[in-house]
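Accompanying notes for the structure given below.
Number of protein chains: 2
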Amino acid sequence: MVDETKPVERQVTIEDIAEAANVGIATVSRTLNHPEIVRQKTRDKILSVVQELGYIRSGAARALASKQTFTVGALIPTMNNAIFAASIAGFERELSKANYTLLITVTNYDRDQETIQLHKLLEHGVDAVLLIGLEHSKRSYTLLNKSNCCVVSIFGSRRSQKIPNIGFDNKKAAEKIVDHLVSLGHQRIGMIAGITRHNDRARDRKNGVIKALQKHNLAYHPSLFIESQYSHPHGREALKHLIHQNIKPTAIICGNDVLAMGVLFEADAQRIKVPGQLSVTGFDNLPITGHLKPALTTIDVPSEQMGAEAAKAIIANLSSEAKIKSRLLEAKLLIRNTTGPRR
Amino acid sequence: MVDETKPVERQVTIEDIAEAANVGIATVSRTLNHPEIVRQKTRDKILSVVQELGYIRSGAARALASKQTFTVGALIPTMNNAIFAASIAGFERELSKANYTLLITVTNYDRDQETIQLHKLLEHGVDAVLLIGLEHSKRSYTLLNKSNCCVVSIFGSRRSQKIPNIGFDNKKAAEKIVDHLVSLGHQRIGMIAGITRHNDRARDRKNGVIKALQKHNLAYHPSLFIESQYSHPHGREALKHLIHQNIKPTAIICGNDVLAMGVLFEADAQRIKVPGQLSVTGFDNLPITGHLKPALTTIDVPSEQMGAEAAKAIIANLSSEAKIKSRLLEAKLLIRNTTGPRR
DNA sequence: TTGAAAGCGCTAACAG
DNA sequence: CTGTTAGCGCTTTCAA
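Those protein sequence lines, which keep their order, are chains C and Y.
Residues in the first sequence are numbered consecutively from 13, following the numbering used here.
Residues in the second sequence are numbered consecutively from 13, following the numbering used here.
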């Protein structure tokens, strides 16, 4: 008598395909991975069986046998910043073209968290890792090092040796902003920087501003420099704070566009004319900033490009050992309408 | 003579740990997966060896042996929409808490692409899949079905049977907007909807508007309804187009906030007073919309919450077979300042 | 061109 | 509580 119990839907395996196609499993494997070395007829037969049985290869088994997962991990500080979203979009697009899949983990700007997440990515066997910036915990570096997994960083300011970096010069970009402001006659320049602790990009931008101030023989007023989280409300609060200082800034440089927009909103609420009474600058060039009224003067950060280039470099490295070279891309100053002559 | 060639850095395996700790590999495995059933002393010894040797478990081997990868895949239309970013952020946060890792793939609103990506996720052995909306290709449904992988959808409007959905009623939300506009006296209402083809959310919103118009016995002017990609420039163009129609709308409902902002920017450029001459509404409640001047009347979509709830449901299902129930969350109308009495 | 067979590193019975 | 061992499904020599 036939066993009537419904069989557990066993996964279709390479053996099922081999059997149904009357070939060895090695031939099935070859057909799927190196079709060119299998005779056309055999291949067609196998492929049709694959189709018919709805065979889905086991990535785990493939990874175990071949030491490759075709996955790449990304460690990003937050998803709530369009600038990272743009980079990841470019990154994912290129990875996807080459049939890699992206594993994303969010660190919330927490280095311990980052190390933990990195460990997790490594356990998953990612073929490469994408990092933001060049400042990471020693433990992360150690992990990366002994796992000798392919790594790339984006957004960093230096042609780093430790980790190949595809970034741009945050510091120089910040200097350009100051140069521009100074050329407009501004002397009392304030800054709402991002939180610089454990964030090399924010720190480079801040240092760039300070350095440029010195270059122009302008005073650096610590009371005019504050650090703030990247959010509209924080930008608004920061402006309120700054305008209550003894020294009144005529221009405010913001660590990113979100802060700058917050400043713009608050200035509007306080009836402070921009750029009439106050010049404001951002950093990132988010899509919306060009539509604002007045349009925001900012730095055009090649975010999508960095992501895409990083992916291409990783793919090249993975498929041909091509060493990844650090590279700094262009970050242009976009002079729009939130900056004007000193009042 | 000693072999001086540098040995290939062989990966540290569970056997190395077992040997160094003088135990069997099973005990190492237990220590890592079910510490409570291992004697304290043995466990400590093993853990210290793990630390010392910098052991990283092989996810591939674990997955192959246990049929679980502790990864979850997400298929999203695009990364360039903050609303999805917010959902993914909530989703990732909850997954991460439960030690799952997120695999992201972008479909670009392309169903064939979606099926291909889904297939790839399945090959990677994801324990669950997150989908946006309820409209997917037949092939995707087939794939999901026979892989009997855990699935959840977010953003959809129905308590679906085929796929558990944690969403909100897009149609009803759209109706609320019309009700609001009608209560302000508007009769000639136009709409800039998203592209509705293969997008149930966009279509539900559009249909909701049309249905509500009928409910109020108002004419549905097809010439006042256009579909457009979600971008500021597209929103601007759409407004230009609408104001050149014979019938002039006194209110324009936008398929999302990005379109609405485009309309606001263009209205400003054309010196059309909002809401004086034209009322405008959005959909999503992006963080910036409350800061705009005038602040945008929109629908508060629980994007982050949907993502977080979806993750929790998946985790519960994976760890206890708890069936996932479809659920519709609240999406409130946020009346702000871009809507006013008909001129 | 193809097949047989040896692992890849781990989990989970099973036996002790 | 712990060790032994049989796979998990695939890739990749090695032979044929």
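Every residue, glycine too, gets a C-beta built ideally from N, C-alpha and C.
Note that the coordinates shown come from a computational prediction; the quantities given were computed from them, not determined experimentally.
Per DSSP, the beta-bridge partners of K344(Y) are D312(Y).
Judged by DSSP in its simplified three-state form, I26(C) adopts helix.
V194(C) is not bridged by DSSP to any residue.
Of all residues in the segment 286–315 of chain Y, only P299, I300, G302, H303, L304 and K305 come within less than 9 Å of chain C when Cβ atoms are compared, listed by chain position. In the DSSP assignment, S159(C) falls within the alpha helix (DSSP H) that extends over K150 to S159. Cα atoms of L142(Y) and A263(C): separation of roughly 46 Å, rounded to the nearest angstrom. Rounded to the nearest whole angstrom, the C-alpha separation of P306(C) and L330(Y) is 51 Å. In the structure shown, D122(Y) falls within a coil segment according to DSSP collapsed to helix, strand and coil.
For the segment 101–123 of chain Y, the set of residues with a beta-carbon nearer than 8 Å to any beta-carbon of chain C comprises A101, E104, R105, S108, N111, T113, L114, L115, I116, T117 and V118, in chain order. For D139(Y), no CB of chain C lies under 8 Å from its own CB, so it is not counted at the interface with that chain. Chain-ordered listing is empty here: chain Y has no CB closer than 8 Å to the CB of A320(C), the nearest sitting near 13 Å.
Along the segment 58–73 of chain C, going in chain order, the ones with a CB nearer than 8 Å to a CB of chain Y are G66, I68, R69, S70, G71, A72 and A73.
Taken atom to atom, the span from the alpha-carbon of I88(C) to that of K344(Y) is near 31 Å. With distances taken between CA atoms, R151(Y) lies nearest to Q63(C) out of G85(C), Q63(C), I265(C) and R171(C). Around the beta-carbon of T350(Y), 16 or more other beta-carbon atoms lie within 10 Å, marking it buried.
From the beta-carbon of E21(C), the residues of chain Y found nearer than 8 Å are K158 and N160. With respect to the C-alpha of N229(Y), the residue from L156(Y), A214(Y), A279(Y) and H198(Y) having the closest C-alpha is H198(Y). A231(C) carries a coil assignment under DSSP once its states are collapsed to helix, strand and coil. Counted as a single uninterrupted DSSP element, the alpha helix (DSSP H) harbouring A279(Y) occupies residues D269 to A281. For A38(Y), the closest alpha carbon among the candidates A32(Y), E27(Y) and I207(Y) is that of E27(Y). The shortest C-alpha to C-alpha distance from D122(Y) to any of R348(Y), A110(Y), L341(Y) and I207(Y) is the one to I207(Y). For N45(C), the enclosing alpha helix (DSSP H) stretches over residues I37 to N45. Under a criterion of Cβ atoms nearer than 7 Å, the residues of chain C adjacent to D280(Y) are, in order, K305. In the structure shown, L114(Y) adopts extended strand secondary structure according to DSSP, grouped into three states. Between T113(C) and L155(Y), the alpha-carbon positions lie close to 18 Å from each other.
Selection T119(C), G202(C) and K109(C) evaluated against P234(C) yields G202(C) as nearest (Cα-Cα). Here the alpha carbon of I166(Y) sits roughly 9 Å from the alpha carbon of S338(Y). Listed in chain order, the non-local C-beta contacts of A250(C) below 6 Å within the same chain comprise I204, I238 and S240, local neighbours out to five positions each way being set aside.
Residue contact check for H131(C) against chain Y: a CB pair falls below 8 Å.
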